[in-house]
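Residues 60 to 280 in our numbering are what the sequence shown lists, from first letter to last. What follows is a short report on a single structure.
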Amino acid sequence: MKTTLRIGGSVLGSPPDAKVVDGYADAVAQLNSEGHSVAVIVGGGDVARKYIGSARDMGLSSYQQDTIAIHASRLNARLVAMKLGGVSSVPTSIDGMLLRLARNRVAVMGGLRPGITTDTVAAIVAQRWHADMLVKCSDQNGIYTEDPRKNKRAKKLDKVSYEKMKEILGGTHRPGIHSIIDPVAVDQLLTARVKLVVINGFEPKGVLKAVHGERIGTVVS
Ligand code: UTP
């Protein structure tokens, strides 16, 4: 099976936390040993947002803010790639990523281009690679009826349709946006129709459950 794994910068730590990366390295190694291939897409997290803040304060454009944040995500991705894939470079294009995935059972990349987040990068990779599923490792337990940080009465959904997800998570891109799935990625996923599972990324073993089809997080299909 082909799995695209999107690890949020807010989960990974920025710079990446060794313990969290170890947890993902174990999960990916187990998936590889079961015959699964894994495309890992890493976010820029706090470091990216600090660079965005500096760029904004300097009066730089949104495009420039995004551009600098992409470099932060690639730096995180390089560190993760050293541990997970035994390589120290990361692809900067979808074609480059697909080439690596054709040769290896695991490949890691960060950001792609301004105007999106790595959620969208993961959605594009999943679509172009014909992945069986996309697992978003987020800082929440899944998708809620509303933002649980704003409304304590928000309920976690075990299953949701793509259309309902768009209703809940729709909007527009802005540099540094923090959403369970960014709005551009929601549109991309609506086209790709890849099975999406949103899980709590602080427990990397959850990835195994998601891939094995066990009940976890929110399944979007
Ligand atoms: P990330 O996708 O790196 O966020 O986008 P993250 O840290 O993992 O976020 P969480 O944990 O899911 O919340 C951070 C910022 O980097 C720029 C955008 O400004 C985005 O908001 N970015 C990232 C791009 O412009 N293009 C990309 O391809 C990736």
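All C-beta atoms, glycine included, are put in the ideal place defined by N, C-alpha and C.
Asked, Found
"So for L250, helix, strand or coil by DSSP?", "Residue identity check: residue 250 is Thr in the sequence provided, not Leu. T250 falls in the helix class under three-state DSSP."
"Please confirm if the segment 182-194 is in contact with the segment 156-170, defined as three or more CB-CB distances below 8 Å between the two stretches.", "yes"
"Which runs of the beta strand (DSSP E), 3 residues or longer, sit entirely within the segment 150-222?", "165-168, 192-197"
"Work out the CA separation of N91 and H281 for me, nearest whole Å.", "Residue 281 lies beyond the range of the chain shown here (60 to 280); nothing can be said about it."
"According to DSSP, K61 sits in a beta bridge with which residue or residues?", "S96"
"In this structure, what does DSSP give as the bridge partners for I66?", "V101, C196"
"Under 7 Å, do R208 and S96 count as touching if we go by C-beta distance?", "no"
"Any heavy atom of ligand 1 inside 6 Å of the beta-carbon of H95?", "no"
"Compare the C-alpha of I240 against each of V79, I66, G118 and name the closest.", "I66"
"Could you tell me if the beta carbon of D76 falls within a distance shorter than 6 Å of some heavy atom in ligand 1?", "no"
"What are the boundary residues of the alpha helix (DSSP H) that T126 is part of?", "121-143"
"Could you tell me if N210 is buried or exposed, where buried requires 16 or more neighbouring beta carbons within 10 angstroms of its beta carbon?", "exposed"
"Give me the Cα-Cα distance between L134 and Q123, rounded to the nearest whole angstrom.", "17 Å"
"Just to check my reading of the structure: I129 and G169 have Cβ atoms closer than 8 Å, yes? What is that Cβ distance to the nearest angstrom?", "7 Å"
"On the DSSP letters alone, give me the boundaries of the beta strand (DSSP E) that N279 sits inside.", "Reading the sequence as shown, one finds Val at residue 279 and not Asn. 277-279 is the span of the beta strand (DSSP E), which, as asked, contains V279."
"Give the secondary structure of I258 by DSSP, where H, G and I count as helix, E and B as strand, and everything else as coil.", "strand"
"How many angstroms separate the CA atom of G276 from the CA atom of V270?", "12 Å"
"Let me check you understand the geometry: is the CB of A140 closer than 6 Å to at least one non-hydrogen atom of ligand 1?", "no"
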